[in-house]
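Novice: In the UniProt record's numbering, the protein residues as written are 1 to 349.
We put the CB at the ideal spot given by N, CA and C, even for glycine.
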Amino acid sequence: MLNLWNPSHLAFGLSLLTAFVLGIVHGVTPDEHTWPITFSYAVGSYSTRRGLRAGLLFSLSFTLQRAIASELAFLGLAPLMTLVSGNYWVYLIVGAVMLLGGRLILSRPRRRPKLPDSPPGAEVSLQDPRPWIPAVHGFVAGWGFGAFAILIYTVLAPAMPSAAWGWVPGALFGLGTTFVQALAGAGIGFWASRRGLDPVSLRAAALRTAGRTLFWGGATFLAAGLVGFLIPGIGNWTFDTGIRIHNLAHLGLAFAIVVFVVLGVGLGSFVSEIRKLGRLPDLCTLSPEACQTHPAEVSSARPADHKPVLDRNHFRDRIPTFQPQGRPMGSSRPSLLRRGSARVRDRFA
């Protein structure tokens, strides 16, 4: 039976199997080095296929890093990779990369696509995430360490028979994480694409969510890294849950980062964007050409009970003009009621 809590003195084959299963558990449990980043790029992909690609890019580069680190651990460098201060340096670097990614998404492109008659808030003024950023993120985030990394570097990698096998436990651990994170990326992209929005509005909501999650998530990582250097013992401030599963046994700073970035910023921003854009006119009705410029995969089927949003000019010609009694037509001093009626017409104009 596999011992995932405290493995020791394992045979060669059992060590490899343990590394892979630990990677799966690492991908499932809330980890600050994976979930905030995977969620950001997956929701910003606004489709299943793109979400799968984002999850794969991040996780495969994470796997490469873990394979390199596992080989270094076999060569006796594990103490250098498990320094507490090293994790805070990773927080700072990851935070800087997240800030850069969020800034690139939220920045306006030089040539802004023009959408005729598009309502405010749904303009295509955002840029898709650069395809290389998830890969950079995965390689950098992999240098962070926790209970799983300690097991790989101090137990499983040294158990390999030679230096030619030293990288294998880290690679299998990364592949286990890749399996979960790729499925998670595809699932998040699928969920985002089934929110009942037209392709243009969906893209706007997804990219704003991704940009804000990366930006504020990066700020959170930077703050956590700085606090870690100022208060070195903050990483030991944890709550013991009694669950003998790593990443769930002790909840502390890392868990707080995951909850704030993914649930607070990520999901909160996406729900807010959906509610805001759901009250606006359907862009595919106002500008069919705009919807044709986006991949067909994002033209997700609407729910069966979806009701089209009325055009904002629907009631323009139905606003009655009130003429109060006792004042002749064409008076130089319009009444208060007429001024109010004019404002209503201007609002729907």
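Taking the alpha-carbon of T38 as reference, which of P30, V21, V25, F58 has the nearest alpha-carbon?
Specialist: Nearest of P30, V21, V25, F58 to T38, Cα basis: F58.
Novice: Taking C-alpha atoms, which residue in G27, G185, V94, G86 lies nearest to L56?
Specialist: Closest option to L56, Cα to Cα, is G185.
Novice: Out of curiosity, what's the CA-to-CA distance linking A224 and Y88?
Specialist: Going by the C-alpha atoms only, they are around 7 Å apart.
Novice: So which of A210, P199, G146, I274 has the shortest CA-CA distance to G23?
Specialist: Closest by alpha carbon: G146.
Novice: With 16 other CB atoms within 10 Å as the buried threshold, where does V265 fall?
Specialist: Flag for V265 reads buried.
Novice: So G174 and T63 are supposed to be a Cβ contact under 8 Å. How far apart are they, rounded?
Specialist: Indeed they touch by this definition, with Cβ atoms about 3 Å apart.
Novice: I'd like the span of the alpha helix (DSSP H) that includes Y41, first residue to last.
Specialist: Taken as a continuous stretch (DSSP letters only), the alpha helix (DSSP H) holding Y41 covers 35–43.
Novice: With three or more C-beta pairs closer than 8 Å as the rule, is the segment 33–47 touching the segment 195–208?
Specialist: Yes, they touch.
Novice: For T99, which option in G218, G86, A149 has the closest C-alpha, if you only look at C-alpha atoms?
Specialist: Going by the sequence as given, residue 99 is Leu instead of Thr. L99 has its Cα closest to that of G218, out of G218, G86, A149.
Novice: Can you tell me whether residue 351 is buried or exposed, with buried defined as 16 or more other CB within 10 angstroms of its CB?
Specialist: There is no way to answer for residue 351, as the model of the chain reaches only from 1 to 349.
Novice: For L2, does the three-state DSSP call read helix, strand or coil?
Specialist: DSSP places L2 in coil when its eight states are reduced to three.
Novice: List the endpoints of the continuous alpha helix (DSSP H) containing R203.
Specialist: Element bounds for R203: 199–230.
Novice: Here's the rule: buried if 16 or more other CB atoms are within 10 angstroms of the residue's CB, otherwise exposed. What is T241?
Specialist: Exposed.
Novice: Could you pull the start and end residues of the alpha helix (DSSP H) that M98 belongs to?
Specialist: That run of the alpha helix (DSSP H) goes 84–106.
Novice: Does H246 come out as helix, strand or coil in the three-state DSSP assignment?
Specialist: Looking at H246 - three-state DSSP - the assignment turns out to be coil, as it is neither helix nor strand.
Novice: Let me know if L156 comes out buried or exposed under the rule of 16 or more other beta-carbons within 10 Å of its beta-carbon.
Specialist: Burial call: buried.
Novice: Note down, in chain order, each residue of its chain lying with its Cβ closer than 8 Å to the Cβ of L92, except the 5 sequence neighbours on either side.
Specialist: Once the five neighbours on either side are set aside, the close Cβ partners of L92 are F221, L222, G225, L226.
Novice: Decide yes or no for the touch test of the segment 9–16 against the segment 148–162: beta carbon pairs closer than 8 Å, at least 3 of them.
Specialist: Judged by Cβ distances under 8 Å, the segment 9–16 makes contact with the segment 148–162, as three or more pairs qualify.
Novice: Name, in chain order, the residues that DSSP records as bridge partners for L251.
Specialist: F239.
Novice: Is it true that the CB of G102 sits closer than 8 Å to the CB of F215?
Specialist: The answer is yes: Cβ separation under 8 Å.
Novice: Between the C-alpha atoms of V271 and Y41, what's the straight-line distance to the nearest angstrom?
Specialist: Going from the Cα of V271 to the Cα of Y41 covers about 17 Å.
Novice: Where do the ends of the alpha helix (DSSP H) carrying H137 lie?
Specialist: It spans 133–141 - the alpha helix (DSSP H) in which H137 sits, taken as one unbroken run.
Novice: What is the DSSP secondary structure of M160, counted as helix, strand or coil?
Specialist: Coil at M160, not helix or strand.
Novice: Between which two residues does the alpha helix (DSSP H) carrying R50 extend?
Specialist: Here the alpha helix (DSSP H) through R50 covers 48–72.
Novice: Got a sec? Which residues, its chain only, sit under 7 Å from N3 by beta carbon, not counting five neighbours each side?
Specialist: The answer is none, since no qualifying residue turns up.
Novice: Could you tell me how far apart the beta carbons of W35 and V262 are, in whole angstroms, since I believe they sit closer than 8 Å?
Specialist: The pair is a contact, with the Cβ atoms about 6 Å apart (cut-off 8 Å).
Novice: Using the Cα positions of N6 and L197, report the straight-line distance between them to the nearest angstrom.
Specialist: Each residue's Cα considered, the two are about 48 Å apart.
Novice: Which residue's Cα is closest to the Cα of T178: V28, F239, S15, G233?
Specialist: The option with the nearest alpha carbon to T178 is V28.
Novice: Exposed or buried, what is M1 when buried is set at 16 or more other beta-carbons lying within 10 Å of its beta-carbon?
Specialist: Looking at its Cβ environment, which holds fewer than 16 other Cβ atoms inside 10 Å, M1 is exposed.
Novice: Please confirm whether A249 and I105 have their CB atoms less than 8 Å apart.
Specialist: Taking 8 Å as the Cβ cut-off, A249 and I105 do not qualify as a contacting pair.
Novice: What does a CB cutoff of less than 6 Å around A78 pick up in its chain, not counting 5 residues either side in sequence?
Specialist: Contacts found: Y153, T154.
Novice: Using the beta-carbon count (16 or more within 10 Å), is L151 buried or exposed?
Specialist: The residue is buried, with at least 16 neighbouring Cβ atoms inside 10 Å.
Novice: Taking all protein chains shown into account, do 16 or more other C-beta atoms lie within 10 angstroms of the C-beta of R50, making it buried, or fewer, making it exposed?
Specialist: Classification for R50: buried.
Novice: With a 10 Å radius around its C-beta and 16 neighbouring C-beta atoms as the bar for buried, classify F315 as buried or exposed.
Specialist: At F315, the pLDDT of 42 sits below 50, so the modelled position is not reliable; the number obtained from the coordinates is stated separately. The residue is exposed, with fewer than 16 neighbouring Cβ atoms inside 10 Å.
Novice: Do G142 and R53 have their beta-carbon atoms positioned less than 8 Å apart in this structure?
Specialist: It is not a contact, given that the beta carbons lie outside the stated cut-off.
Novice: Please report how far the alpha carbon of G76 lies from the alpha carbon of F148, in whole angstroms.
Specialist: Near 18 Å, if we compare the C-alpha coordinates of F148 and G76.
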